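Undergrad:
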Amino acid sequence: MNKAVIIGLGLIGGSIALELRKRCGYTLWGIDANPAHINKATALGIIDNEVDYEAIKEADVVIISVPVHITPQVVAKALDYVGEQTLVFDVGSVKERICKHVENHPNRSHFVAGHPLAGTEFSGPESAVYDLFDGKVMVLCDTEKSHWKHLDKAIEISKKLNMRVKMMPAHDHDLHAAYVSHLSHVISFVLGQTVLDIERNEQQIFDMASTGFASTARLAKSSPSTWSPIFLENKKHVLRSMEEYIKNLQNFKQLIENEDDENLRKTIKEINYIKKVLQK
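In full-length UniProt numbering, the protein residues as written are 1 to 280.
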């Protein structure tokens, strides 16, 4: 029976564990710095039991799903313990620093840098769900540095999770992720802050909030322990995306200030094209 070590038993790590058991029949071992997460994941049947890093040499795959600011060190430590057949597969949303950190590790070829483009605003083992990855994309980065047999295993696991696989350089991934993922979280957090600053009456917020507000502010419920490291690790690209957003926001504000109905309608119509892009 195949064995997997899951390091980090939150939403993504826990959901991958559930799928590896359901779709692939894996035995699941867990590592987490939070004892409460180990206990919860065991109680929920996400893992079979807790192990330490020594168990990695017996594992077929190691999934690393920890906050991105500690992922480079965790990946390097896991690579220290790999057996001949062990794949080390990280699933964080910032890739370039991780890839640079382990580029000269003697077991670098065992490592595949991945990012499943899936998630919810919830966190912890209790947030793990089945089918989270159905129809989503798994991005694999700097794959030329991974041994083909470990890369094949990462692709196989991704497809077993019913994901489509896309490959790109780590730098390109981080740039694109800043615009299509990280910026949306920034906007949601700041929207939440703006409403809380102005609307002091919580009942008023609840009564007046439309479905549009709820969907836009949904990401503001996301964990700070997850997202603060992401923003800081991908600082260069996140700041660039924010500058572009602020420029567009200022232009939009100017149209409203000038009561420029014609150009406001034209701008909104042009932005509506995003609907076609997202339907591809």
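A virtual CB, placed ideally from N, CA and C, is assigned to each residue, including glycine.
These numbers come from a predicted model, not from an experiment.
Quick one: residues in its chain with C-beta nearer than 7 Å to the C-beta of residue 105, no 5 flanking neighbours on either side, listed in chain order?
TA: Looking up residue 105 in the sequence shown gives position 105. Excluding sequence neighbours, residue 105 sits near 76, 79.
Undergrad: Taking DSSP as the reference, what is the three-state secondary structure of residue 103?
TA: Taking the first residue of the sequence shown as position 1, residue 103 is located at position 103. Three-state result, residue 103: coil.
Undergrad: Can you tell me where the alpha helix (DSSP H) holding residue 172 begins and where it ends?
TA: Start at 1 with the first residue of the sequence shown, and residue 172 comes out as number 172. Per DSSP, residue 172 belongs to the alpha helix (DSSP H) from 170-177.
Undergrad: Hey, how far is the Cα of residue 53 from the Cα of residue 81?
TA: Start at 1 with the first residue of the sequence shown, and residue 53 comes out as number 53. Start at 1 with the first residue of the sequence shown, and residue 81 comes out as number 81. When rounded, the distance between both Cα atoms is 7 Å.
Undergrad: Is residue 258 helix, strand or coil when you go by DSSP?
TA: Working through the sequence shown from its first residue, we reach residue 258 at position 258. In this structure, residue 258 counts as coil in the three-state DSSP scheme.
Undergrad: Quick test of your reading: residue 90 and residue 64, contact by CB under 8 Å. State the CB separation rounded to the nearest angstrom.
TA: As a position in the sequence shown, residue 90 is number 90, starting the count at 1. As a position in the sequence shown, residue 64 is number 64, starting the count at 1. Residue 90 to residue 64, Cβ: 4 Å. Contact.
Undergrad: Is residue 118 buried or exposed, if buried means 16 or more other CB atoms sit within 10 Å of its CB?
TA: On the sequence shown, position 118 is the one that residue 118 refers to. By the neighbour-count rule (16 or more Cβ atoms within 10 Å), residue 118 is buried.
Undergrad: Determine whether the beta carbon atoms of residue 226 and residue 123 lie at a separation below 8 Å.
TA: Translated into the one-based positions of the sequence shown, residue 226 becomes position 226. Translated into the one-based positions of the sequence shown, residue 123 becomes position 123. Yes.
Undergrad: Between the Cα of residue 221 and the Cα atoms of 161, 185, 144, 243, which residue gives the shortest distance?
TA: Counting from 1 along the sequence shown, the entry for residue 221 is found at position 221. If we check each option's Cα against that of residue 221, 185 comes out closest.
Undergrad: Starting from residue 90, follow its DSSP beta bridges and name the residues at the other end.
TA: Counted from its first residue, the sequence shown places residue 90 at position 90. Beta-bridge pairing links residue 90 to 64, 113.
Undergrad: Of the choices 173, 139, 147, whose alpha-carbon is the least far from that of residue 163?
TA: The count along the sequence shown starts at 1 and reaches residue 163 at position 163. The shortest C-alpha separation from residue 163 is found at 139.
Undergrad: Roughly how many angstroms separate the alpha carbons of residue 151 and residue 143, rounded to a whole number?
TA: Taking the first residue of the sequence shown as position 1, residue 151 is located at position 151. Taking the first residue of the sequence shown as position 1, residue 143 is located at position 143. Residue 151 and residue 143: Cα-Cα distance of roughly 7 Å.
Undergrad: Who are the near neighbours of residue 141 in its chain, counting only those whose CB is closer than 7 Å to its CB and skipping five residues on each side?
TA: Along the sequence shown, one-based indexing puts residue 141 at 141. Answer for residue 141: 95, 99, 113, 168, 169, 170, 173, listed in chain order.
Undergrad: Do residue 68 and residue 187 have their beta-carbon atoms positioned less than 8 Å apart in this structure?
TA: Within the sequence shown, the letter at position 187 stands for residue 187. Within the sequence shown, the letter at position 68 stands for residue 68. No, the pair does not count as a contact, with Cβ atoms beyond the cut-off.
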